[in-house]
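Presented below is the structure to which this report refers.
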Amino acid sequence: MKDKYIVSSAPHVHDKTNVSMVMWNVVLALTPALAFAVYFWGIRSLTLTLLGAVSAVVTEALIQKMRKVPVTVNDGSAFLTGMLLSYNINPGAPWWMPIMGSVFAIAVGKQVFGGLGNNPVNPALLGRAFLLASWPSLMTSGWLKPKTGNLSGLNDLDAIASNLQSLSPKAYDLVTGATPLKVVQTLRDSSFVASINADAGEGIDLANRIFTNITEMASLKNLFWGNVGGCIGEVSAFALLLGAAYLLYKNIIEWRIPLFYIGTVFVLTFLFGPIQGSGYSMMLPFFHIFSGGLMLGAFFMATDYTTSPLTKNGRIIYAIGCGVLTVVIRLVGGYPEGVSYSILFMNVMTPLIDKFSAPKAFGRMK
Amino acid sequence: MQLRTFPGGVHPHDEKHFSASAPITIAPLPAKVTIHLSQHIGAPSTPVVKVGDEVSKGQLIAEASGFVSLNQHASISGKVTAIDRFPHPCGTSSLAIQITGDGKDEWVDLVDEESFMELPVNEMKERIAAAGICGMGGAGFPTHVKLSPPADKPIDTVILNGVECEPFLTSDYRLMMEHAEDIIKGLKLIMKIVNAKKGVIGIEANKPDAIRLMEKLLKSESNLEVVGLKLRYPQGAEKQLIYAATKRKVPAGGLPMAVGVVVQNVGTAFAVYEAIRYKKPLIERIISITGEGIKKAQNLKARIGTSFAELVELCGGTSMTVGKIISGGPMMGFALPGLEAGMGKGSSGLVLLGEKAARSMEEHNCLRCARCVDVCPMNLLPSTIAAAVKYKNLDMAVKAGLNDCMKCGSCAYVCPAQIRLVQWIDTGKIRYAEAQKEGK
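Listed in order, the protein sequences are those of chains A and B. Mapping the first sequence onto the working numbering, position 356 (from 1) lands on 373, and the numbers just tick up by one. Mapping the second sequence onto the working numbering, position 156 (from 1) lands on 328, and the numbers just tick up by one.
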């Protein structure tokens, strides 16, 4: 025996988790979505993702050197931020976009506040907001067509009208040139609806046909598997759910935020979707939860540790808030998609939510 | 059997395999013992012997200095050789009586009361107090105090704690396997003393043979029952066990009697039985000497005051370079600076960890991941308390639950940033106590 032993406060055992294990596991959980993106849109998705991730790591290392603090890029958190930022970019975007976004996300979104654990909002989403404000057209147009389908996920144009292209070029352009959420948003524009219905002539409610088609099973399947247009990480609800299941199983994310976020979107689009849409379909809530960035946002962005509430009830309030804002933006706002702004807004509310949702200790009555 | 449990908590590896199958072995007589005057919650005992006195085994050497205090007895026969500060099993040092043995091991007079069940309740309580029994699960609250609830707090249920949720420890398990009938007699005595109608023994699912044995023995007893519990730490904590077994919530700051319950460790029940039937004072207990650092892990029946070094030698010494010595279990036990201390009445185990297992990781920034919040069995905000203590905001710490925390360590166990949450909370509790004192 020797004469010096470690004396420290209990507990003297620890489970296997640490920061880098958590971060790299999230990166792992995000890779199925990347594989699907590469399958549908080509290797470009991978290149852009790596550019974003690597530039985030380099930015973090440089700034930590400047701040004269330990360089902690091995923990995977910068890589993850860069990856998530790239996942919010159109696979057809120029190569410098993920770099610009990642540098901004890490520098302004994270390091100025003191690094991991101190940022008030999700850095990746802040990076995306920066890109969207700076290069709006690059961020919202020029989508890549999936290898085996078209942008809006419709797989049978003839079902709408056999000669749609000549019948109404505007309608044709819409269903072949816009993402599913953009199609639904455009169909809320009454003057657009009037004009395509006028093109089609007497007795054909073209808008309603498009709407019905985009919410029917075959189109939803395209959404689920990722055979539509969209950002790199939004591609496939299936691939994201696969990763999410892994994170739930590993106890890395908790069920409250994704469940209440997605649940709120489902219920609200069930109740209010029909009023704003051009017609009604029982499948509309499914269309809304599988389209756009909701799966990515609910499982991988809103659950960001640092920027979501600590308290269990707080997480529910936060998630419902995200859901309400997402639906408001999608149904009445100026953007087709509202996930990222909703989460950013609720991130800012987090300290307030924590303050007013402090739990009651076991056995306390008050 | 329907397994019950409580909300929150963690699942550490139970590590019972080191010593679970080792039967209770009687440790040889130690040459020296150090009996601490403070082995319990309450006022330290007052010595009634002086250096040079000859004492017999079981002789009173220090008496309770108030109601919430404890008698201490010589655990070997011999001569008092010092009354001085000695290393304490909690890692500190405090006043103790050292006895150097004469090897005779002569008992003071014991009795064997056949009809011990029929004794008047007051006599029973007196015998418990005389025997110097305190809670043997670790906290060390004097048992005669716990068994004297005020008249306006009727007790209907006695729960025996056979949970042993701390990893590594197997002393309660072995006691249940080898002395089940005596434990049940202890339970019946305790029920009689507090006039409770129902008795429950709570045992976790990782001890299925103990559950089966107790069930078999209690089959014909309609008012006694075994409750099987899901494996989850800290199920052995009083409030959590009461909730798991009865669904009753002890109010914050309150005692179990507020919900009509008294909880006693199975080891305490055994000691109560021996004290009432034989008038035997508490001078020995079962202690698990275990961990990867022990050559041959064992459950020893050893005299109170035997030095840990001697107990380790009895187990063949160490098997590797030891990094940490833990008195108690690894979740709530104390890391000791060495093996000099003598075991106390609450010493349920000694765990030796190798250097790799003992190494602690660097503390990182809090990620706000809320894992600590999710596992806290008291429903507190551990990371908020720790941060508040760090930035000297005691009000905020109290609001986040500083005073409700029982320091079970579940939060620190799961923290991915390796923040020493219990240490911060402990610091906060000390600062809070100081602030209260200054305020008065």
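Every residue, glycine too, gets a C-beta built ideally from N, C-alpha and C.
#1: Taking THR98/A as the query, report the chain B residues whose CB atoms sit under 9 Å from its CB, ordered along the chain.
#2: For MET100/A, is the classification buried or exposed, using 16 other Cβ atoms within 10 angstroms of its Cβ as the cut-off for buried?
#3: If the cut is a Cβ gap below 8 Å, which residues of chain B does GLU271/A touch?
#4: Within 8 Å of any Cβ in chain B, is that where the Cβ of ARG381/A sits?
#5: Would you list the residues sitting across from GLY273/B in a DSSP beta bridge?
#6: Excluding five sequence neighbours on each side, which residues of the same chain lie with their C-beta closer than 6 Å to the C-beta of GLY263/B?
#7: How is THR367/A classed by DSSP in three states: helix, strand or coil?
#8: Using the DSSP secondary-structure output, state which residues sit across from ASN333/B in a beta bridge.
#9: Say whether chain A places a C-beta atom closer than 8 Å to the C-beta of HIS351/B.
#10: List the residues of chain A whose Cβ lies closer than 8 Å to the Cβ of LYS419/B, in chain order.
#11: The alpha helix (DSSP H) spanning ASN105/A covers which residue range?
#12: Can you tell me whether DSSP reads LYS467/B as helix, strand or coil?
#13: Write down the C-beta distance between GLY338/A and MET366/A rounded to the nearest angstrom, noting that I regard them as a contact closer than 8 Å.
#14: For VAL422/B, which residues in chain C fall below 7 Å Cβ to Cβ?
#15: Considering only the alpha carbon of each residue, which of ILE331/B, SER247/B and THR218/B lies closest to ARG420/B?
#16: Using CA atoms only, rank isn't needed, just tell me which of LEU155/A, ILE333/A and PRO49/A is closest to THR281/A.
#17: Quick one: Cα of MET117/A to Cα of THR229/A, how far?
#18: Which residue comes first and which comes last in the beta strand (DSSP E) that contains GLU235/B?
#19: Determine, using beta carbons only, whether ASP328/B and LYS370/B come nearer to each other than 8 Å.
#20: Per the contact definition of three or more C-beta pairs closer than 8 Å, is the segment 176-193 of chain A in contact with the segment 264-281 of chain A?
#21: Within a Cβ cutoff of 7 Å, which residues of the same chain sit near ASN239/A, ignoring the five residues on either side of it in sequence?
#22: So which residues of chain A does CYS337/B contact, with C-beta pairs closer than 9 Å?
#23: For GLY246/B versus VAL227/B, is the C-beta distance shorter than 8 Å?
#24: So LEU508/B is in the beta strand (DSSP E); what residue range does that whole segment cover?
#25: I'd like to check one pair, SER193/B with PHE340/B: are the Cβ atoms closer than 8 Å?
#26: State the DSSP-derived secondary structure class of ALA135/B, mapped to helix, strand or coil.
#27: Which residues, taken in chain order from the segment 589-603 of chain B, show a beta carbon closer than 8 Å to some beta carbon of chain A?
#28: Thinking C-alpha only, which one of SER555/B, GLU606/B, ASP576/B and GLY611/B is nearest ALA589/B?
#29: Under a CB-based cut-off of 8 Å, is LYS204/B close to chain A?
#30: Give, in chain order, every residue of the segment 520-540 of chain B whose Cβ lies closer than 9 Å to some Cβ of chain A.
#31: Below 8 Å on the Cβ atoms is my guess for GLY126/A versus PRO140/A; work out the distance and round it to an integer in Å.
#32: Using the rule of at least 16 other Cβ atoms within 10 Å of the residue's Cβ for burial, across every protein chain shown, is ASP284/B buried or exposed?
#33: Select from the segment 19-46 of chain A all residues with a C-beta closer than 8 Å to any C-beta belonging to chain B, and list them in chain order.
#34: Using 8 Å for Cβ pairs, my map puts GLY426/B next to ILE207/B. What's the rounded Cβ distance?
#35: Just to confirm my understanding: we take ALA447/B, look at its own chain, exclude 5 residues before and 5 after, and list those with CB closer than 8 Å. What are they?
#36: How long is the line joining the alpha carbons of GLY573/B and ALA584/B, rounded to whole angstroms?
In short, the structure shows the following:
#1: Position 81 of the first sequence holds residue 98/A. Per Cβ cutoff of 9 Å: no residues; THR98/A is ~13 Å from chain B at best.
#2: As a working note, residue 100/A is residue 83 in the first sequence. Buried: at least 16 other Cβ atoms inside 10 Å.
#3: On the first sequence, residue 271/A is found 254 positions in, with the first residue counted as 1. Here the neighbours are ALA542 and ASP546.
#4: Here the question's residue 381/A lines up with position 364 in the first sequence. ARG381/A counts as touching chain B.
#5: Along the second sequence, read from residue 1 onward, the residue named residue 273/B stands at position 101. Beta-bridge pairing links GLY273/B to GLY250/B.
#6: Walking along the second sequence from the start, residue 263/B turns up at place 91. Cβ neighbours of GLY263/B beyond the five flanking positions: PHE506 and LEU508.
#7: Here residue 367/A corresponds to residue number 350 of the first sequence, with the count starting at 1. It is helical.
#8: In the second sequence, residue 333/B corresponds to position 161, counting from 1. GLY374/B and ASN437/B.
#9: On the second sequence, residue 351/B is found 179 positions in, with the first residue counted as 1. So, not an interface residue.
#10: Start at 1 with the first residue of the second sequence, and residue 419/B comes out as number 247. In chain order: nothing, as chain A lies at least about 13 Å away.
#11: The residue labelled residue 105/A in the question sits at position 88 within the first sequence. From DSSP, ASN105/A is part of no alpha helix (DSSP H); its letter is neither H nor E.
#12: By 1-based counting over the second sequence, the position of residue 467/B is 295. LYS467/B falls in the coil class under three-state DSSP.
#13: Within the first sequence, numbered from 1, the residue matching residue 338/A stands at position 321. Within the first sequence, numbered from 1, the residue matching residue 366/A stands at position 349. With 8 Å as the limit, GLY338/A and MET366/A qualify as a contact, their Cβ atoms being about 7 Å apart.
#14: Reference to chain C is not applicable here, since the protein chains of this structure are A and B.
#15: Taking the first residue of the second sequence as position 1, residue 420/B is located at position 248. If we check each option's Cα against that of ARG420/B, ILE331/B comes out closest.
#16: Along the first sequence, read from residue 1 onward, the residue named residue 281/A stands at position 264. Out of LEU155/A, ILE333/A and PRO49/A, ILE333/A has the C-alpha closest to the C-alpha of THR281/A.
#17: Stepping through the first sequence from its first residue, residue 117/A is reached at position 100. Stepping through the first sequence from its first residue, residue 229/A is reached at position 212. Straight-line Cα distance between these residues: approximately 39 Å.
#18: On the second sequence, residue 235/B is found 63 positions in, with the first residue counted as 1. Per DSSP, GLU235/B belongs to the beta strand (DSSP E) from 232-235.
#19: Numbered from 1 along the second sequence, position 156 holds the residue referred to as residue 328/B. Numbered from 1 along the second sequence, position 198 holds the residue referred to as residue 370/B. Cβ atoms of ASP328/B and LYS370/B: closer than 8 Å.
#20: no
#21: Against the first sequence, residue 239/A aligns to sequence position 222. Here the set comprises GLY166, GLY170, ASN172 and VAL245.
#22: Locating residue 337/B in the second sequence gives position 165, where the first residue counts as 1. Those do not exist, as CYS337/B stays about 12 Å from chain A at its closest Cβ, beyond 9 Å.
#23: Stepping through the second sequence from its first residue, residue 246/B is reached at position 74. Stepping through the second sequence from its first residue, residue 227/B is reached at position 55. For the record, residue 246/B in the displayed sequence is Ala; it is not Gly. Yes, Cβ-Cβ distance for ALA246/B and VAL227/B is below 8 Å.
#24: For the purposes of this step, residue 508/B is taken as residue 336 along the second sequence, with counting starting at 1. From DSSP, the beta strand (DSSP E) with LEU508/B extends over 506-508.
#25: For the purposes of this step, residue 340/B is taken as residue 168 along the second sequence, with counting starting at 1. For the purposes of this step, residue 193/B is taken as residue 21 along the second sequence, with counting starting at 1. Not closer than 8 Å, so no.
#26: Residue 135/B lies beyond the residue range present for chain B, which begins at 173 and ends at 612; the question has no answer from this structure.
#27: ALA589, GLN590, ARG592, VAL594, GLN595 and ASP598
#28: Within the second sequence, numbered from 1, the residue matching residue 589/B stands at position 417. Ranking the options by Cα distance to ALA589/B, first place goes to SER555/B.
#29: Here the question's residue 204/B lines up with position 32 in the second sequence. Cβ-Cβ to chain A under 8 Å: no for LYS204/B.
#30: VAL523, LEU525, GLU527, ALA529, ALA530, ARG531, SER532, MET533, HIS536, ASN537, CYS538, LEU539 and ARG540
#31: On the first sequence, position 109 is the one that residue 126/A refers to. On the first sequence, position 123 is the one that residue 140/A refers to. So it is a contact: roughly 3 Å between Cβ atoms.
#32: For the purposes of this step, residue 284/B is taken as residue 112 along the second sequence, with counting starting at 1. So ASP284/B ends up on the exposed side.
#33: LYS19, ASP20, TYR22, ILE23, VAL24, SER25, SER26, ALA27, PRO28, HIS29, VAL30, HIS31, ASP32, THR34, ASN35, VAL36, MET38 and VAL39
#34: Counted from its first residue, the second sequence places residue 426/B at position 254. Counted from its first residue, the second sequence places residue 207/B at position 35. With 8 Å as the limit, GLY426/B and ILE207/B do not qualify as a contact, their Cβ atoms being about 33 Å apart.
#35: By 1-based counting over the second sequence, the position of residue 447/B is 275. So the qualifying residues of the chain are ARG299, ILE300, ALA302, ALA303, ILE305, PRO453 and LEU454.
#36: Counting from one through the second sequence, the residue named residue 573/B turns up at place 401. Counting from one through the second sequence, the residue named residue 584/B turns up at place 412. Near 16 Å, if we compare the C-alpha coordinates of ALA584/B and GLY573/B.
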